[in-house]
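Encoded as structure tokens, the structure appears first; notes follow it.
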Amino acid sequence: MDVDHFIKIADAIEEQYPKIMVNGEETEGGLTEGKLLFEVKAEDGQVLFSARQTGRLPDSGEILDALTAAGVSKS
């Protein structure tokens, strides 16, 4: 995973949703081998974004939209 891309997304999420802590893990093989671990889940476990399912990394707006659509509180 591109670390700068991850940091950009994490910063955007944590700025809008201060109670959310963003964690990520880089694995061998990355996206090309289907080993990219980048998922965003709501508190109830609902997957809001999965790089494994989409085969790509998200942009921060996409994650913020998913959090809003899932009704995640900003406070």
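For the numbering used here, count along the sequence shown from 1 and bump the result up by 468. We put the beta carbon where it would ideally sit given N, CA and C, even for glycine.
Are the CB atoms of Ile481 and Ile488 nearer to each other than 8 angstroms?
-> Working through the sequence shown from its first residue, we reach residue 481 at position 13. Working through the sequence shown from its first residue, we reach residue 488 at position 20. Yes, the pair counts as a contact, with Cβ atoms nearer than the cut-off.
For Phe474, the first and last residue of its enclosing alpha helix (DSSP H) | As a first step, residue 474 is located in the sequence shown; it is residue number 6 there, counting from the start. Per DSSP, Phe474 belongs to the alpha helix (DSSP H) from 471-484.
N- and C-terminal bounds of the beta strand (DSSP E) containing Ser518 | Along the sequence shown, read from residue 1 onward, the residue named residue 518 stands at position 50. That run of the beta strand (DSSP E) goes 515-518.
Tell me where the beta strand (DSSP E) around Glu507 begins and ends.
-> The sequence position of residue 507 within the sequence shown is 39, counting from 1. It spans 507-509 - the beta strand (DSSP E) in which Glu507 sits, taken as one unbroken run.
Counted within 10 angstroms of its Cβ, other Cβ atoms place Ile531 as buried (16 or more) or exposed = Numbered from 1 along the sequence shown, position 63 holds the residue referred to as residue 531. Label assigned to Ile531: buried.
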